[in-house]
Amino acid sequence: EEIEYRKGIATSFNNLGIMYKSQGNNEQAISYYSKSLKIRESMNDKKGVATSLNNIGLIYVSQDNLEKALAYFLNCLEISLILEDKRLQESCYTNIGIVFKEQKNYDESFKYLEKSLNLSKEINDLIGIEKSYFQIGALLRLKRNFEDAIQYFEKSIEIAKKLNDKKSLAQAYEQLGYLKLDLLDYK
Numbered sequence: 167e168e169i170e171y172r173k174g175i176a177t178s179f180n181n182l183g184i185m186y187k188s189q190g191n192n193e194q195a196i197s198y199y200s201k202s203l204k205i206r207e208s209m210n211d212k213k214g215v216a217t218s219l220n221n222i223g224l225i226y227v228s229q230d231n232l233e234k235a236l237a238y239f240l241n242c243l244e245i246s247l248i249l250e251d252k253r254l255q256e257s258c259y260t261n262i263g264i265v266f267k268e269q270k271n272y273d274e275s276f277k278y279l280e281k282s283l284n285l286s287k288e289i290n291d292l293i294g295i296e297k298s299y300f301q302i303g304a305l306l307r308l309k310r311n312f313e314d315a316i317q318y319f320e321k322s323i324e325i326a327k328k329l330n331d332k333k334s335l336a337q338a339y340e341q342l343g344y345l346k347l348d349l350l351d352y353k
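The sequence shown begins at 167 in this note's numbering and counts up by one.
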């Protein structure tokens, strides 16, 4: 009974973290995610710990604190591998790939984004596949590999249409538009 009570409190703290993050209050979000993390660690709730680590890492990405974010994502990945949780691994690979992309470590970024894409395909996660295609397209655009980037954005668009995901569709079209402008400037 006490375990369920503590688990409920940890979930509540996590949900408060999500709420504060959505309001742009990152300090409060980290505070509540950290409270959730502490409880989950004390209960040896590995999946919960990994979720908290991932959420904190996302806050640090939004604050451009990439080293700290990477540490949280790598810790999350380690747990997800132990748990053999492929969805969580997929999320970690994507987030690590994004951090490396932001750090302009494009080879490492591609390695992790490709792992995410392959895992997404393996578990037939269309949302994960779409996100991976989008992130690889964005990476290839930064590397000025425009032709391949277009292909990845088009694949992202195709899946976003199937999912009726208007936000992802808008983002992919936006990036495709910028990419085509880059291509005009490049030629």
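All C-beta atoms, glycine included, are put in the ideal place defined by N, C-alpha and C.
| query | result |
| --- | --- |
| Phe-300 beta carbon less than 8 Å from that of Ala-336 | no |
| Whole runs of the alpha helix (DSSP H) within the region 179-252, excluding any shorter than 4 residues | 192-208, 212-228, 232-249 |
| Whole-angstrom C-beta distance between Glu-256 and Leu-285, which should lie under 8 Å | 5 Å |
| Spatially closest choice to Leu-224 from Tyr-318, Gly-183, Ser-275, by CA coordinates | Gly-183 |
| Member of Arg-253, Lys-332, Thr-260 whose CA lies at the smallest distance from the CA of Lys-277 | Thr-260 |
| CB of Ile-264 within 8 Å of CB of Leu-243, strictly | no |
| Through-space distance from Asp-314 to Ser-188, alpha-carbon basis | 34 Å |
| Backbone secondary structure at Leu-284 - three-state DSSP | It is Asn, not Leu, that sits at residue 284 in the sequence shown. Three-state result, Asn-284: helix. |
| Straight-line Cα distance separating Gly-174 from Ile-245 | 21 Å |
| Close beta carbons around Ile-295, own chain, < 7 Å, minus the five adjacent residues each side | Leu-283, Ser-286, Lys-287, Ile-325 |
| Alpha-carbon to alpha-carbon, Tyr-186 and Leu-203 | 16 Å |
| Three-way DSSP call (helix, strand, coil) for Gln-255 in this model | helix |
| Residues of its chain near Gly-303, where Cβ-Cβ distance is below 7 Å and the 5 sequence neighbours each way are ignored | Ala-315, Tyr-318, Phe-319, Ser-322, Gln-341 |
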